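Residues 7 to 47, numbered by this note's numbering, are exactly what the sequence shown covers, in order. Following: one structure in structure tokens, then a few remarks.
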Amino acid sequence: MNIGIFFGSTTGNTEDVAEQVQEFLAPHPAQLHNIATEPVT
């Protein structure tokens with residue numbers, strides 16, 4: 007199973023929660039994607 011967690015964080019608070027969700031979903035691999043740092047194409 008592949009899991010993607012997409013979030014937008016500039017202060018780090020949402021990223022902290024996304025990491026907690028990632029830990030909760032273990033042992034399923036979940037990839038974090040901060041869309042605030044990704045370029046718009």
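A virtual CB, placed ideally from N, CA and C, is assigned to each residue, including glycine. Since we're looking at a predicted model, the values are computed, not measured.
- Beta-bridge pairing by DSSP links Phe12 to His39.
- Under the three-state reduction of DSSP, Ala24 is assigned to helix.
- In the three-state reduction of the DSSP assignment, Glu29 falls in the helix class, which pools H, G and I.
- With respect to the 8 Å criterion, Ile11 and Ala32 are not classified as neighbours on the basis of their beta carbons.
- One Cα belongs to Ser15, the other to Val27, and the distance between them is close to 15 Å.
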